[in-house]
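Structure first, then comments.
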Ligand SMILES: [Zn+2]
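Numbering (the numbering used here), first residue to last: 563 to 940.
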């Protein structure tokens with residue numbers, strides 16, 4: 563059986579900081595973290611089940627890949643009315659998001675299987691759906707998970723000039739209206755990744771305030787071939803069967819849906835008023851909490867208990883549990899959540915849950931409005 567308390571899940575993987583910033587430093591791990599590990603290890607020992615290699619995950623992967631294959635081949639080979647094409651493209655984009663949330667995300671965190679090659683294969687599905695699994699590993703697995711909501715180090719909260727979600731990001735005049743205009747902009751996120759962001763990150767070798775080693779050898783080949791394959795199945799192959807204009811329209815529609823779904827799911831967990839945005843000491847880099855407390859302070863759950871949402875989102879509605887135990891398969895999160903919440907209560911650590919999905923959306927809307935208001939200028 564795999565141990566729940568795999569130390570690699572919160573070991574700092576240092577990448578050099580660029581410029582004068584210092585790397586954030588957590589307080590030493592405390593009794594809270596030890597208690598969490600004890601309780602979660604105890605759960606798996608008592609239940610006698612493995613933290614990874616779950617049959618339900620393999621079945622889910624088969625279902626998602628089959629749905630994607632069916633939707634894609636129907637779009638390619640069946641003459642459909644306009645409305646059916648639109649509906650099927652939207653559906654395919656959601657299934658692709660589901661592959662990202664469930665298969666790629668668990669694989670990227672080594673939470674899918676104890677076998678390295680299965681995790682690598684699952685993680686590489688990201689290259690086939692338009693983003694680099696190499697860049698993701700540094701951006702998400704290393705930086706986002708280590709330095710959640712710390713400006714300059716967690717690039718997931720850096721929305722560029724048009725959005726401000728951290729009090730440590732500069733406020734611009736246009737942010738006053740960000741709670742209104744940001745939603746369609748989320749739609750271009752996936753297109754931006756596919757055509758620009760990954761190439762820039764690989765060329766520049768930098769993510770926010772930190773260096774990212776440039777990919778070499780197999781990593782570079784996977785990045786380039788993956789992107790070629792992605793444009794091949796989204797634009798190249800369909801254009802052999804349909805007019806190029808229609809193919810591009812479908813590709814853009816699918817990418818916009820994908821961008822909105824991915825953005826919204828991630829923003830509800832961190833870019834909300836219930837989450838904190840800790841600022842390290844500018845000289846020492848010290849933070850006033852240990853790693854585990856930091857994860858809980860900066861993260862919020864939603865739609866707990868909704869099995870359909872949990873299935874579709876790969877447990878990303880249980881982000882607190884995910885951030886504390888990223889190497890445990892997401893299928894366990896619903897069982898772990900009450901245990902984690904009880905430990906938080908025992909140690910006086912606030913545990914936040916939006917409740918339903920729409921309450922989370924409302925909270926993100928309020929936070930955007932708050933961060934954009936003139937009174938919040940930094
Ligand atoms: Zn993650």
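All C-beta atoms in this analysis are idealised placements derived from N, C-alpha and C, irrespective of residue type, glycine included.
- In the structure shown, residue 773 falls within a strand segment according to DSSP collapsed to helix, strand and coil.
- Around the CB of residue 589, fewer than 16 other CB atoms lie within 10 Å, so the residue is classed as exposed.
- Note on geometry: alpha-carbon atoms of residue 637 and residue 805 lie some 13 angstroms from one another.
- With 16 or more other Cβ atoms from the protein chains shown falling within 10 Å of its own Cβ, residue 586 counts as buried.
- Here the alpha carbon of residue 896 sits roughly 8 angstroms from the alpha carbon of residue 872.
- Rounded to whole angstroms, residue 746 and residue 777 show a C-alpha spacing of 32 angstroms.
- If the five residues before and after residue 715 are omitted, its C-beta is found closer than 7 angstroms to the C-beta atoms of 586, 705, 709, 770, 771, 772, all from its own chain and listed in chain order.
- Within 10 angstroms of the beta-carbon of residue 595 lie 16 or more other beta-carbons, which makes it buried.
- Contact between the region 638 to 652 and the region 670 to 683 is not established, with fewer than three Cβ pairs separated by less than 8 angstroms.
- Taking a cut-off of 8 angstroms for Cβ pairs, the region 726 to 742 and the region 810 to 819 do not touch, as fewer than three such pairs fall below it.
- Of the heavy atoms belonging to ligand 1, none sits nearer than 7 angstroms to the Cβ of residue 894.
- Residue 931 and residue 922 have their C-alpha atoms spaced approximately 14 angstroms apart.
- For residue 921, DSSP records no beta bridge to any residue.
- DSSP, reduced to helix, strand and coil, places residue 716 outside both helices and strands of the structure shown, so it counts as coil.
- The alpha-carbon separation between residue 609 and residue 934 amounts to approximately 48 angstroms.
- Sorting 899, 855, 846 by C-alpha distance to the C-alpha of residue 867 places 899 at the top.
- Proximity of the beta carbon of residue 672 to ligand 1 is not indicated: no heavy atom of the ligand is located closer than 7 angstroms.
- In this structure, 692 is the residue among 864, 692, 652 with its C-alpha nearest to the C-alpha of residue 758.
- Each residue's CA atom was taken as its position, placing residue 858 and residue 720 some 20 angstroms apart.
- Listed in chain order, the non-local C-beta contacts of residue 869 below 8 angstroms within the same chain comprise 896, local neighbours out to five positions each way being set aside.
- For ligand 1, a non-hydrogen atom lies closer than 7 angstroms to the CB of residue 702.
- The beta carbon of residue 840 sits no closer than 7 angstroms to any heavy atom of ligand 1.
- The nearest non-hydrogen atom of ligand 1 is 7 angstroms or more from the C-beta of residue 856.
- Checking the DSSP bridge columns, you'll see residue 852 partnered with 589.
- Taking 7 angstroms as the cut-off, one finds no heavy atom of ligand 1 near enough to the beta carbon of residue 643.
- DSSP places residue 740 in the uninterrupted alpha helix (DSSP H) bounded by 740 to 748.
- For residue 667, the shortest separation between its Cβ and any heavy atom of ligand 1 lies below 7 angstroms.
- With respect to residue 825, residue 748 sits close: the two C-beta atoms are nearer than 8 angstroms.
- Residue 603 carries a helical assignment under DSSP once its states are collapsed to helix, strand and coil.
- Distance from the C-beta of residue 777 to the nearest heavy atom of ligand 1 is not below 7 angstroms.
- Between residue 629 and residue 657, the C-beta spacing is below 8 angstroms.
- Taken atom to atom, the span from the alpha-carbon of residue 823 to that of residue 668 is near 18 angstroms.
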